[in-house]
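Each residue of the sequence shown is one higher than the one before, starting from 170 at the first, in the numbering used here. Ideal placement from N, C-alpha and C gives every residue a C-beta, glycine not left out. Everything numeric in this text was worked out from a predicted model, so none of it was measured. Inspection log for the structure reproduced underneath, given as structure tokens.
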Amino acid sequence: MAIEPELIYIVVYVTIGGVLGSLAAHLCPVGGAPAAMGTATGIATGTIQILLGAVVTGLFTAATVSTFTNNIVLVMISGAVGATIMMQVTMFFANILYGFGCGITPTSGRVAVDPITKADQTSYKTPQTDGHGIPDVVFISGTLGGFSGGAGGALMYYTLLHYAHFTYGTAVIAALGIFVASAIIASYNIRGTIEGFQDPKFKRVHLALIPTVVISILCSLVVVIATIALRGA
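Structural data, given as structure tokens:
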């Protein structure tokens, strides 16, 4: 018996979406509790929270666009743009709070010189801290992370909606559930805080991508089984 193309699309696109989500988690600036005290670079939240925040925003925009077009590229771009804007606004206001509330300069704690602007970082880093705020390179990395996460979430949503034929609400919840698995794996790999692609921890991203592929495939197979069961019903 021939396998229907829609079932293959579910496995492929859900897996790609999971990988994009895991990559996004390593690109977004996760500062955790130290960032809340201004003693570490990044946003004062965890890996799972920051990823889900970006994805939820992306799903809002993707769901809106999907109501008047079935173009998968437009839906992915809309999700990516929505998540990117959310990340940029969060990072911008984080810098406002750090700069005017704490009186500290956005500085990387992982590199001596900003690889994008070539600005000195060490001279502005407070002793005994791991940087603070959202410096230029971290802002750019967070922007890329938001774009990647939003695109991955939108791709999953589109797949579950049009190929698995889930309802709007079920597609959103299922996409978020798969993203949680990707975020948890990324969180274990990051182990604390990460600034983005310039952080030495980013070199370990492949250690998270491999299990993410496995988990995403398993999740997609569950979706395939549910799709076949719903058709039978």
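Check: Leaving out the 5 sequence neighbours to the left and right, which residues in its chain are closer than 6 Å to I384 when beta-carbon positions are compared?; Outcome: A350
Check: Would you check if the region 300-315 and the region 354-370 touch, i.e. whether three or more CB-CB distances between them fall below 8 Å?; Outcome: yes
Check: Is DSSP giving T276 helix, strand or coil here?; Outcome: strand
Check: Using the C-alpha atoms, what's the distance from A323 back to V234?; Outcome: 10 Å
Check: Within 8 Å, do at least three Cβ pairs link the region 386-402 to the region 194-213?; Outcome: no
Check: Could you name the residues that DSSP lists as bridge partners for G300?; Outcome: S277
Check: Return the residue from the list G314, V258 and T328 that minimises the CA-CA distance to F371.; Outcome: G314
Check: Please name the residue in T210, I177 and G201 whose C-alpha comes closest to that of S389.; Outcome: I177
Check: Can you tell me the Cα-Cα spacing of I217 and A352, whole angstroms?; Outcome: 5 Å
Check: Quick check on I303 - is its C-beta less than 8 Å from some C-beta in chain C?; Outcome: Here there is only one protein chain, and chain C is not present.
Check: Classify K287 as buried or exposed, calling it buried when 16 or more other Cβ atoms lie within 10 Å of its own Cβ.; Outcome: exposed
Check: Quick one: what does DSSP say I212 is sitting in, helix, strand or coil?; Outcome: strand
Check: Identify which residue in F262, A355 and S292 has its Cα closest to the Cα of T276.; Outcome: S292
Check: Rounding to the nearest angstrom, what Cα-Cα distance links M170 and L192 in this structure?; Outcome: Low local confidence applies: a pLDDT of 48 at M170 is under 50, so the model's placement there is unreliable, with the coordinate-based value given in what follows. Roughly 36 Å between the two C-alpha positions.
Check: Can you say whether H375 is buried or exposed, counting buried as having 16 or more other CB atoms within 10 angstroms of its CB?; Outcome: exposed
Check: How far does the alpha helix (DSSP H) with T362 in it reach, from first residue to last?; Outcome: Looking at the DSSP string, T362 is not in any alpha helix (DSSP H), and its letter there is neither H nor E.
Check: Taking C-alpha atoms, which residue in S356, L345 and L399 lies nearest to V183?; Outcome: L345
Check: Excluding the 5 residues flanking G338 on each side, which residues of the same chain have their C-beta closer than 6 Å to its C-beta?; Outcome: none
Check: Under DSSP, the alpha helix (DSSP H) around H331 begins and ends at which residues?; Outcome: D305 to H331
Check: With distance defined between alpha-carbon atoms, name the residue in H301, C271, V306 and L378 nearest to I285.; Outcome: V306
Check: I'd like the list of long-range same chain contacts for G302, defined as Cβ closer than 8 Å, with 5 residues on each side in sequence excluded.; Outcome: G207, T210, A263, N264, Y267, G268, I273, T274, P275 and T276
Check: Output needed for F348: all residues of its chain with C-beta closer than 7 Å, excluding positions within five of it in sequence on either side, in chain order.; Outcome: G190, L220, L221, V224 and G322
Check: Taking all protein chains shown into account, decide if T236 is buried (16 or more other Cβ within 10 angstroms of its Cβ) or exposed.; Outcome: exposed
Check: For S317, which option in P380, G251, I179 and Y327 has the closest C-alpha, if you only look at C-alpha atoms?; Outcome: G251
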